[in-house]
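*Asks:*
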Amino acid sequence: MEEKSSSTTAYVSARNRDSPLTEDIVSKVEELNITKEEGSNQGYNGEITSDDYWRERSSDNDITNTKVTDPSHKLVIDTWNRVKSKYKNYEMVAGVLLFRNIFEAAPEAKELFDFAKGKDDEEIFRSIKFSLHSKKVIGAIDEVVGMLSSRLEDLVIFLTDLGQYHATYGILPAHYSIVGKALINTLKSALSEEFTEKVKESWIRAYELISSTMIKGGEKT
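So the number in the working numbering is just where the residue sits in the sequence shown, counting from 1, plus 15.
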């Protein structure tokens, strides 16, 4: 049986819609006593359907065509730093929000992860393997955002390698739009009224560049 945290309080209550989601998740994260162990995920070749959320990619959606001084990058960096400063355990808070949004949009995505297969949300978000994996994902986002300011060449290499890695686990191009929408909804919840239309557009633009680079990397496997 997979080890869980010692807290008896439910980690995320998907049924509790009376209290604000982010505040609920923050309180649950603070109640948990997470210990470290090695976690893993497991690939799956099933296709996840997605709505047409993202704009059609064009040749402009290439990270190598962007400038370091792109003002949208600064807004992405500033708002991400705001998330980090706003929440003490931002990796866990953002991780739960992100994966909760992914699994709500595409429940079949649970088959991609051994910590989620055949489990309900409470079991998933209380598991140590989930906490470790989500921290790695948010850590990767943190690294990507940090490279946007001045290290675009390094970012291309990082994202290409990341795309290749994810492709070996059965991640398909269609999956990226689901994650993108989940990320936007995560930022909307985390930033609340600070999540303006301009912030949204900046993150969409950034994610289009990030995902297109990762997809190209995945095609090299």
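Where is the CB? At the ideal position from N, CA and C, for every residue including glycine.
No experiment lies behind these values; they were computed from the predicted model shown.
#1: Less than 7 Å between the beta carbons of F130 and S149, yes or no?
#2: Would the beta-carbon of A121 fall within 7 Å of that of I186?
#3: Indicate whether the contact test is met: 3 or more Cβ pairs, each with one atom in the stretch 86-104 and one in the stretch 159-168, closer than 8 Å.
#4: Quick one: grab the DSSP three-state call for I193.
#5: Apart from the five residues just before and just after S217, which ones in its own chain have a Cβ nearer than 7 Å to its Cβ?
#6: Quick test of the definition: if touching needs 3 or more C-beta pairs under 8 Å, does the stretch 168-188 touch the stretch 204-220?
#7: If we call anything under 7 Å between Cβ atoms a contact, is I117 one with A221?
#8: M107 to K151, Cα distance in whole Å?
#9: Mind checking whether L112 and S204 have CB atoms under 7 Å apart?
#10: Can G232 and G178 be called in contact, C-beta distance under 7 Å?
#11: State the DSSP-derived secondary structure class of A109, mapped to helix, strand or coil.
#12: Can you check whether the CB of F145 is closer than 7 Å to the CB of I153?
#13: Taking just the CA atoms, how far does S100 sit from L202?
#14: State the start and end residues of the unbroken alpha helix (DSSP H) segment that holds R166.
*Replies:* Looking at the coordinates:
#1: no
#2: no
#3: yes
#4: Residue state, collapsed to three classes: helix.
#5: Spatial neighbours of S217 in its own chain (CB-CB distance under 7 Å, excluding positions within 5 residues in sequence) are listed in chain order as S87, L90, V91.
#6: no
#7: no
#8: 10 Å
#9: yes
#10: Note that the C-beta distance between G232 and G178 is below 7 Å.
#11: helix
#12: no
#13: 14 Å
#14: Neither: R166 is in no alpha helix (DSSP H) and is coded neither H nor E.
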